[in-house]
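If you count by this note's numbering, then the sequence shown holds residues -17 to 213, one letter each, in order.
We treat Cβ as the ideally placed atom computed from N, Cα and C, and that holds for glycine.
Down below is the structure, laid out as structure tokens.
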Amino acid sequence: MEIGTASDVGKNRKINEDSLGYRGNLFVIADGMGGHNAGEVASALAVEEVLRMSAGGTGFHQELPLAINRANQAILDHAGEYPECRGMGTTIAILHLEGNRARVAHIGDSRVYWWHGGKLHRVTRDHSVVEELLLHGGITQEEADYHPQRNILTRALGIPGKVEAESTEFTTAAGDRILMCTDGLTSMLTDDDIATLLVRDEPAQKIAELLVAEANKRGGHDNISVIVVFL
-17 MEIGTASDVG KNRKINEDSL GYRGNLFVIA DGMGGHNAGE VASALAVEEV
33 LRMSAGGTGF HQELPLAINR ANQAILDHAG EYPECRGMGT TIAILHLEGN
83 RARVAHIGDS RVYWWHGGKL HRVTRDHSVV EELLLHGGIT QEEADYHPQR
133 NILTRALGIP GKVEAESTEF TTAAGDRILM CTDGLTSMLT DDDIATLLVR
183 DEPAQKIAEL LVAEANKRGG HDNISVIVVF L
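This is the structure we're talking about:
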């Protein structure tokens, strides 16, 4: 397994509110939101809590939804203690690899892609207003790309109560590649653009850096973060 990571503030933001991390075969990425730098706090808390839970050892493959709810509670607890952080939230996407099985859980619009069999597969579905409109045939993909509400989420961490993570599993093969990213990448690059860069004959770290650089080249309207995993 080969891993590459990259994160950049982008061209229009002053603070990078994305967080990412990994431990062993567990990978986490998050895109925070909220005033007074609170988005940065929320995403960091979410990543730290998931990685902390994974330190318990085996059996974590089935614990991803629980880990997401623990992360949500950590954010709420922090906001309760620090009033300036109230209202902060974050997306989250988690990838756990166990043998040739991959399990993904997510909330929000941070995505996981899987290159397999010569094709790029989008593993996650955005939890956003626009994605719901697309799902029910209310708009076309072209309309979705420029919709004024494309950044409004229908699910996020930082909301009181139990949060509902969406999870999926798939079987990997040698030579597969997995990309995790925040919407700072996907708002600048199409899936075809991403596929072209992801399959280049370069180390995983170089590809991570190329993806971020290309998003910045095209405008860099948001923070951009990626994790690239070669299997």
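Whose C-beta lies closer than 6 Å to the C-beta of residue i among residues of the same chain, with five residues either side of it excluded?
i       : result
Gly3    : Val10, Val29, Leu33
Asn(-6) : His203
Asp108  : Asp91
His103  : Trp96
Phe152  : Ala84
Ser1    : Ala12, Ser25, Ala26, Val29
Glu31   : Arg52, Ala53, Ala56
Lys188  : none
Leu192  : Leu179
If residue i sits next to residue j, beta carbons under 8 Å apart, how far is it from one beta carbon to the other, in whole angstroms?
i        : j        : result
Glu(-16) : Glu(-1)  : Rounded, the Cβ-Cβ distance is 27 Å, inconsistent with contact.
His129   : Met170   : At roughly 16 Å, the Cβ-Cβ gap does not stay under 8 Å, so His129 and Met170 are not in contact.
Thr136   : Val111   : 6 Å
Ala84    : Thr164   : Not quite, the Cβ-Cβ distance comes to about 19 Å (not below 8 Å), so this is no contact.
His98    : Asp158   : 5 Å
Val208   : Ala(-12) : 5 Å
Asn7     : Glu80    : 7 Å
Gly71    : Leu139   : 6 Å
In chain order, what residues of the same chain have a beta carbon less than 7 Å from the beta carbon of residue i, not counting five sequence neighbours either side?
i      : result
Pro142 : Leu58
Thr217 : As shown, the chain starts at -17 and ends at 213. That puts residue 217 outside it, with no answer to give.
Gln131 : Val111, Val112
Arg68  : Ala61
Ser149 : Leu46, Pro47, Arg85, Val86, Ala87
Going by DSSP, what residue range makes up the beta strand (DSSP E) through residue i?
i      : result
Ala197 : Per DSSP, Ala197 belongs to no beta strand (DSSP E); it is in the alpha helix (DSSP H), 186 to 199.
Leu161 : 159 to 163
Ile206 : 206 to 212
His103 : 101 to 104
Arg93  : 93 to 98
Thr150 : 148 to 153
Return the first residue and the last residue of the alpha helix (DSSP H) that residue i is part of.
i      : result
Glu124 : 123 to 127
Ile141 : No alpha helix (DSSP H) contains Ile141, which DSSP labels as neither H nor E.
Thr172 : Careful: Thr172 lies outside any alpha helix (DSSP H) and carries neither H nor E.
Leu116 : 111 to 117
So, at 8 Å on beta carbons, what are the nonlocal neighbours of residue i in its own chain, with the 5 sequence-adjacent residues on each side left out?
i      : result
Ala217 : Residue coverage of the chain in this structure runs from -17 to 213, which leaves residue 217 outside it and unanswerable.
Glu196 : Met170, Leu171, Asp175, Leu179
Asn82  : Thr153, Thr154, Ala155
Any chance the CB of residue i is under 7 Å from a heavy atom of the ligand GDP?
i      : result
Asp158 : Among the components of this structure there are no ligands whatsoever, and the ligand GDP is therefore not found.
Worksheet item: Of all the alpha helix (DSSP H) runs that stay within the bounds of the stretch 19 to 86, which reach a length of 4 or more residues?
Response: The qualifying runs are 20 to 36, 46 to 63.
Discussion item. With a threshold of 8 Å, are at least 3 pairs of Cβ atoms found where one atom belongs to the stretch 114 to 131 and the other to the stretch 71 to 87?
Written reply: As far as the Cβ criterion goes, the stretch 114 to 131 does not touch the stretch 71 to 87, which means the pair count is below three.
Discussion item. With three or more beta-carbon pairs closer than 8 Å as the criterion, would you say the stretch 49 to 64 touches the stretch 175 to 195?
Written reply: Using a C-beta cut-off of 8 Å, the stretch 49 to 64 makes no contact with the stretch 175 to 195, since fewer than three inter-stretch Cβ pairs fall below that distance.
Item to complete: Can you check the stretch -14 to 15 for any beta strand (DSSP E) of at least 3 residues that lies completely inside it and give the ranges in chain order?
Response: Correct list: 0 to 5, 8 to 15.
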